[in-house]
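Protein sequences appear in the order of chains B and E.
Residues in the first sequence are numbered consecutively from 1319, following this note's numbering.
Residues in the second sequence are numbered consecutively from 175, following this note's numbering.
All C-beta atoms in this analysis are idealised placements derived from N, C-alpha and C, irrespective of residue type, glycine included.
I have placed the structure first, in the form of structure tokens, so that the comments after it can refer back to it.
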Amino acid sequence: MIVEIGHFALVLALAVAIAQTAVPMLGAYRRDAALMAIAGPAALLQLALVSLAFAALTWAFLVSDFSLKLAYDNSHSAKPLIFKISGVWGNHEGSMVLWVLILALFGAMVALFGRNLPDTLRARVLSVQASIAVAFLLFIVLTSNPFIRLDPAPFEGTGLNPLLQDRALAFHPPWLYAGYVGYSMTFSFAVAALIEGRVDASWARWVRPWALAAWLSLTIGIAMGSWWAYYTLGWGGFWFWDPVENASLMPWIVGTALLHSAIVAEKRGALKSWTLLLAIIAFSLSLLGTFLVRSGVLTSVHAFAVDPERGIFILGILIFFVGGSLALYAWRAPLLKTGGIFAPASREGALLVNNLLLAAATAAVFFGTLYPLLLDAVNGPKITVGPTFFNLTFVPIFVVLLLLVPFGPFLGWKRADIQGAAERLMVAAGLAFVAMLLAYAFMWEGPWLAPLGMALAVWLVAGAASEIAWRIKLFSVPLTESMARARRSPRAAWGMALAHGGLGIAVAGIVGVTAWRAETIVALAPGESTQLAGYTLTLEAVGMRDGPNFEATTGVVRIDRGDRFVARLMPEKRRFPAERQEKTEAGIHTNWLSDIYVVLGDVAGEGKWVVRAYRNALAPWIWIGGMIMAIGGAISLTDRRLRVGAPVSAKTHAGARPVAAE
Amino acid sequence: MTRKQRRAAFIAVGLAILALAVGLVLYAMRDSIVFFYSPSDVVEREVAPGQRIRLGGLVETGSVETLSDGAARFNVTDMVETITVSYRGILPDLFRENQGVIAEGMLLEDGTFAADTVLAKHDETYMPPEVVDALKRGGNWQGEGAEASHAETYGQGSYP
């Protein structure tokens, strides 16, 4: 019964979304306040209905109601509680419901907190937002219904793919979707602005928090996914340039560009149409990402043949929203008034170059991801575009970008003093140079490019620190005054410094893992040991143990450095009888500078076991850096000037602080 | 600087970045594209040893062995031709006999294949589409098995 209520609620939500699309849009056109006023309550009702549907689905998973086909396919009564919950979105249908739930949540937030938006803009934003909900709800109801019953009900479920039964991965999809769907908000604002034919500072003020929130969620989602890949796939790698990964990376890069260009649009009234275009592209790539992953288009375009109905629906939604918004853009964008002229050497110019480089990097990833699919679609040869391609395209573009990052915050609006900025960065440049020399001195066995990478990382971190030091006049005024200045500095400034510094830390981690990895693979009998980068690894024993829904073969590996005991690791091979699958759990010891990473393999005859071990230099920094970036985003989001519902008139706002925050 | 000059400067920067991106892509396209071959393709087209390729097919039943130095060896077959693959590393969790697999690496002079990457992804009912294609071309596709259950897991959702 509860399942049927959920199903009914979902269909009702579709009806509400249709009304929310049509009525406020008409109201805004006719300037009819009564019609526009429907948007708010409709958005809240839509959230309530979708929540009900999602709750019903979750309930079926929690009580292991296997008469629900989705629960039968993706759950098992012996599964730990947390994975019963994450199983709801660990499949196609359920994850689409989660998507719509987040969409409805964000729409409701605009309805609740957007009271200070101009009426017509608010009505149009909610209407566009609802049109996205209509498309997705139709998609769910017509092709991916999660509420299908089985009769007779099976006694036991078939379980969830063990690779997905993992704590980090359980919350990877919600964060990722929050990011994707967050860009639906900036998209809705962009389309509404195009229809209005007006982009002003207050519009940009509204878009910035959403762009930031979406970026922050996506950063966390991608970092979690990459961390999961690191410790669970047993390869010790963190990024594989897999199309599925690229699908989430592309909206992130464009979203990063949007984040920066929205600042220019707000502060200076320039780059307006470019910001609109980025908002449209960011969401288009989010849509593309969701669907490439969810429809199976990615593994092959032939997945369309497996389920033509779903594939064509997907294509329809993509064409409608991407094509429609771009056509609207082409028609309306030239009508927008551009403002705020600026010299090439200025904060605006720097942010524009940042945007162009980010766009070029996205284009390279886009090409490498979709070219094999296109070739396959026209029955060309089957090819793979592997890491080499991305290392040769994406990486150089990004290196240029990273070199320029520390300059941006030192440049003033309109016309900047490049020489002055360079002088203020002398310390950072010196530190980067020293780091490079040290890296050459101590890590001479690695690739010759690696120390340059470390220099780049230090350049980013020291550059971010220099900006803060300059802002609070460290050492040039008494320390107490510096402290006072630090307290007065807007949170957005701290957020930016953290995000740029975190980027540097992540770069250091990436360089370390890529360049200075040591690895070994040996067959060991219990009692035997092997050497790895100065560590002694001893396989002490191999035993069996039972988990809640799996049985594991556990190796006990003792790690010593000289005479000193370091750690005892327990790499495992887990067998999940319900799902008839195996899963590797690597044993990882970290000292925050490097990881010792041990995987237990198969039996290699005569009571020996294959043991593969890595020393991954600086590996933890990748995710520490990612988290610092996300924290930076979160701190910026709490900046009073970005707080939704705290209006500041454009005039006092622009004049209040001579040193701009971002 | 006049408005015109300013615009020209921006366009120049934009074009330079575009040229950089296009140049890098074209350069990378020359030698970082890896082609997919089935065992029959490898034999028919006489793939040169040392060329980086992806080899896909089924893991031949009973052919998987782990050598005493930790390397793994197995045969990849499309039911017409069979190629022996050696791989130093731990096989992925979803690697199984009589299941689809993709190995990336190069042919050696002795006709065996040295893989540095072995991919066996997704769930147990999934078959990489390239492998399905290769089997179909070899006339050894049994149809019902993999693809049908895949469709069942992700596909049918008839609305009552």
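Smallest Cα separation from glycine 1822 of chain B: which of B:Ala1782, B:Ala1448 and B:Pro1808? Reading the first sequence from its first residue, position 504 is the one you call residue 1822 of chain B. Comparing Cα positions, the closest option is B:Ala1782.
With 8 Å as the C-beta to C-beta threshold (strictly closer), list the residues of the stretch 258 to 290 of chain E near chain B in chain order. Arg262, Gly263, Ile264, Leu265, Pro266, Asp267, Leu268 and Glu278
What residues in the stretch 188 to 205 of chain E bring their beta carbon closer than 8 Å to a beta carbon of chain A? Checking the listed chains, one finds no chain A in this structure; the protein chains it contains are B and E.
Determine the chain E residues that contact phenylalanine 1685 of chain B at a beta-carbon separation under 8 Å, and present them in chain order. Sequence index remark: in the first sequence, residue 1685 of chain B carries index 367 (1-based). Under the 8 Å cutoff, chain E gives Val199.
Please classify leucine 1328 of chain B: is it buried, with 16 or more other beta-carbons within 10 angstroms of its beta-carbon, or exposed? In the first sequence, counting from the first residue as 1, residue 1328 of chain B sits at position 10. Answer is buried; the Cβ neighbour count reaches 16.
C-alpha gap between isoleucine 1659 of chain B and lysine 1732 of chain B, whole angstroms: Walking along the first sequence from the start, residue 1659 of chain B turns up at place 341. Walking along the first sequence from the start, residue 1732 of chain B turns up at place 414. Spanning the two alpha carbons is a distance of roughly 7 Å.
Helix or strand or just coil, what does DSSP make of glutamate 1869 of chain B? To locate residue 1869 of chain B, count along the first sequence from 1; it is residue 551. Reduced to three states, the DSSP call for glutamate 1869 of chain B is strand.
Does any residue of chain E bring its CB to less than 8 Å from the CB of aspartate 1920 of chain B? The count along the first sequence starts at 1 and reaches residue 1920 of chain B at position 602. Output row for aspartate 1920 of chain B: interface = yes.
Going straight from the alpha carbon of alanine 1580 of chain B to that of leucine 1595 of chain B, what length do you get? Against the first sequence, residue 1580 of chain B aligns to sequence position 262. Against the first sequence, residue 1595 of chain B aligns to sequence position 277. About 11 Å.
Please confirm whether leucine 1439 of chain B and valine 1428 of chain B have their CB atoms less than 8 Å apart. The residue labelled residue 1439 of chain B in the question sits at position 121 within the first sequence. The residue labelled residue 1428 of chain B in the question sits at position 110 within the first sequence. No, the Cβ-Cβ distance between leucine 1439 of chain B and valine 1428 of chain B is not below 8 Å.
Would you report the Cα separation of aspartate 1560 of chain B and glycine 1704 of chain B, rounded to the nearest angstrom? Walking along the first sequence from the start, residue 1560 of chain B turns up at place 242. Walking along the first sequence from the start, residue 1704 of chain B turns up at place 386. In a straight line, the C-alpha of aspartate 1560 of chain B is about 8 Å away from that of glycine 1704 of chain B.
Within the continuous alpha helix (DSSP H) that includes leucine 1694 of chain B, where are the two ends? As a position in the first sequence, residue 1694 of chain B is number 376, starting the count at 1. Position check: residue 1694 of chain B holds aspartate in this sequence, whereas leucine was assumed. That run of the alpha helix (DSSP H) goes 1665 to 1695.
List the residues of chain B whose Cβ lies closer than 7 Å to the Cβ of arginine 228 of chain E, in chain order. Within the second sequence, the letter at position 54 stands for residue 228 of chain E. Neighbours of arginine 228 of chain E on chain B, chain order: Thr1702.
Which listed residue (B:Gln1447, B:Leu1388, B:Thr1656 and B:Ser1502) has its alpha carbon closest to that of leucine 1468 of chain B: Translated into positions along the first sequence, residue 1468 of chain B becomes position 150. Cα-wise, what sits closest to leucine 1468 of chain B is B:Leu1388.
Does the beta carbon of tyrosine 333 of chain E come closer than 8 Å to any beta carbon on chain B? Within the second sequence, residue 333 of chain E is the residue found at index 159, counting from 1. Caution is warranted here: a pLDDT of 25 is assigned to tyrosine 333 of chain E, below 50, making its placement in the model unreliable, and the coordinate value is therefore given only provisionally. Answer yes: the Cβ-Cβ gap between tyrosine 333 of chain E and chain B drops below 8 Å somewhere.
According to DSSP, simplified to helix, strand and coil, what is tryptophan 1927 of chain B? Within the first sequence, numbered from 1, the residue matching residue 1927 of chain B stands at position 609. Residue state, collapsed to three classes: strand.
Simplified DSSP assignment, three categories, for alanine 1355 of chain B: Reading the first sequence from its first residue, position 37 is the one you call residue 1355 of chain B. Reduced to three states, the DSSP call for alanine 1355 of chain B is coil.
Using a Cβ cut-off of 8 Å (strictly closer), state whether valine 208 of chain E contacts chain B. Residue 208 of chain E sits at position 34 when you count from the first residue of the second sequence. So yes, valine 208 of chain E belongs to the interface.
Taking Cβ-Cβ distances shorter than 7 Å, what residues in chain B pair up with aspartate 243 of chain E? Locating residue 243 of chain E in the second sequence gives position 69, counting from the first residue. Here the neighbours are Ala1841.
Any 3 or more C-beta pairs closer than 8 Å across the stretch 1843 to 1856 of chain B and the stretch 1868 to 1884 of chain B: yes
Looking only at DSSP bridge pairs, what is serine 260 of chain E linked to? To locate residue 260 of chain E, count along the second sequence from 1; it is residue 86. Serine 260 of chain E is bridged to E:Arg247 and E:Ala288.
Ignore the nearest five residues each way along the sequence and tell me which others in glycine 1973 of chain B's own chain have a CB closer than 6 Å to its CB. One-based indexing of the first sequence puts residue 1973 of chain B at position 655. Model confidence at glycine 1973 of chain B stands at a pLDDT of 37, short of 50, so the residue's coordinates are unreliable; what they give is reported in the following sentence. Answer for glycine 1973 of chain B: no residue qualifies.
Under 7 Å Cβ to Cβ from arginine 204 of chain E, same chain only, skipping five residues before and after it: list those, please. As a working note, residue 204 of chain E is residue 30 in the second sequence. The beta carbon of arginine 204 of chain E sits closer than 7 Å to none of the beta carbons in its chain outside the five residues before and after it.
Going straight from the alpha carbon of alanine 1621 of chain B to that of leucine 1691 of chain B, what length do you get? The residue labelled residue 1621 of chain B in the question sits at position 303 within the first sequence. The residue labelled residue 1691 of chain B in the question sits at position 373 within the first sequence. Bear in mind that a pLDDT of 44 at alanine 1621 of chain B, under 50, signals an unreliable position, so the number given afterwards is only what the model happens to contain. C-alpha separation (whole angstroms): 11 Å.
Rounded to the nearest angstrom, what separates serine 1393 of chain B and valine 1717 of chain B at their Cα positions? Working through the first sequence from its first residue, we reach residue 1393 of chain B at position 75. Working through the first sequence from its first residue, we reach residue 1717 of chain B at position 399. Whole-angstrom Cα-Cα distance: 45 Å.
For phenylalanine 1883 of chain B, does the three-state DSSP call read helix, strand or coil? Locating residue 1883 of chain B in the first sequence gives position 565, where the first residue counts as 1. Strand, per DSSP.
Could you tell me whether any Cβ in chain E is nearer than 8 Å to the Cβ of glutamine 1899 of chain B? Taking the first sequence and counting its residues from 1, one reaches residue 1899 of chain B at position 581. Closer than 8 Å: yes.
Leucine 1362 of chain B versus leucine 1330 of chain B: straight-line alpha-carbon distance, rounded: Walking along the first sequence from the start, residue 1362 of chain B turns up at place 44. Walking along the first sequence from the start, residue 1330 of chain B turns up at place 12. Near 13 Å, if we compare the C-alpha coordinates of leucine 1330 of chain B and leucine 1362 of chain B.
Pull up the DSSP beta-bridge partners for methionine 1862 of chain B, would you. For this step, residue 1862 of chain B is matched to residue 544 along the first sequence. B:Thr1871, per the DSSP bridge assignment.
Could you name the residues of chain B that alanine 294 of chain E contacts, counting a contact when the two beta carbons are closer than 7 Å? Within the second sequence, numbered from 1, the residue matching residue 294 of chain E stands at position 120. By Cβ distance, chain B contributes nothing, its closest Cβ being about 11 Å from alanine 294 of chain E, past 7 Å.
Of all Cβ atoms in chain B, is any one closer than 8 Å to the Cβ of phenylalanine 248 of chain E? Translated into the one-based positions of the second sequence, residue 248 of chain E becomes position 74. Output row for phenylalanine 248 of chain E: interface = no.
Look at the Cβ atom of glycine 1324 of chain B, then the Cβ atom of leucine 1365 of chain B, and state whether they are nearer than 8 Å. Start at 1 with the first residue of the first sequence, and residue 1324 of chain B comes out as number 6. Start at 1 with the first residue of the first sequence, and residue 1365 of chain B comes out as number 47. For glycine 1324 of chain B and leucine 1365 of chain B, no; Cβs fall outside 8 Å.
Which residues DSSP lists as bridging valine 1452 of chain B, in chain order: Walking along the first sequence from the start, residue 1452 of chain B turns up at place 134. According to DSSP, valine 1452 of chain B bridges with nothing at all.
Leaving out five residues before and five after glycine 1477 of chain B in sequence, what residues of the same chain have Cβ atoms less than 6 Å from its Cβ? Translated into the one-based positions of the first sequence, residue 1477 of chain B becomes position 159. So the list reads His1394, Ala1896 and Glu1897, once near-sequence residues are dropped.
When the Cα of arginine 270 of chain E is compared with those of E:Ser214, E:Val196, E:Phe210 and E:Leu293, which residue comes out closest? Position 96 of the second sequence, counting from 1, holds the residue named residue 270 of chain E. That would be E:Leu293, whose Cα lies nearest to the Cα of arginine 270 of chain E.
Output needed for alanine 1355 of chain B: all residues of its chain with C-beta closer than 7 Å, excluding positions within five of it in sequence on either side, in chain order. Along the first sequence, read from residue 1 onward, the residue named residue 1355 of chain B stands at position 37. No residues qualify anywhere along the chain.
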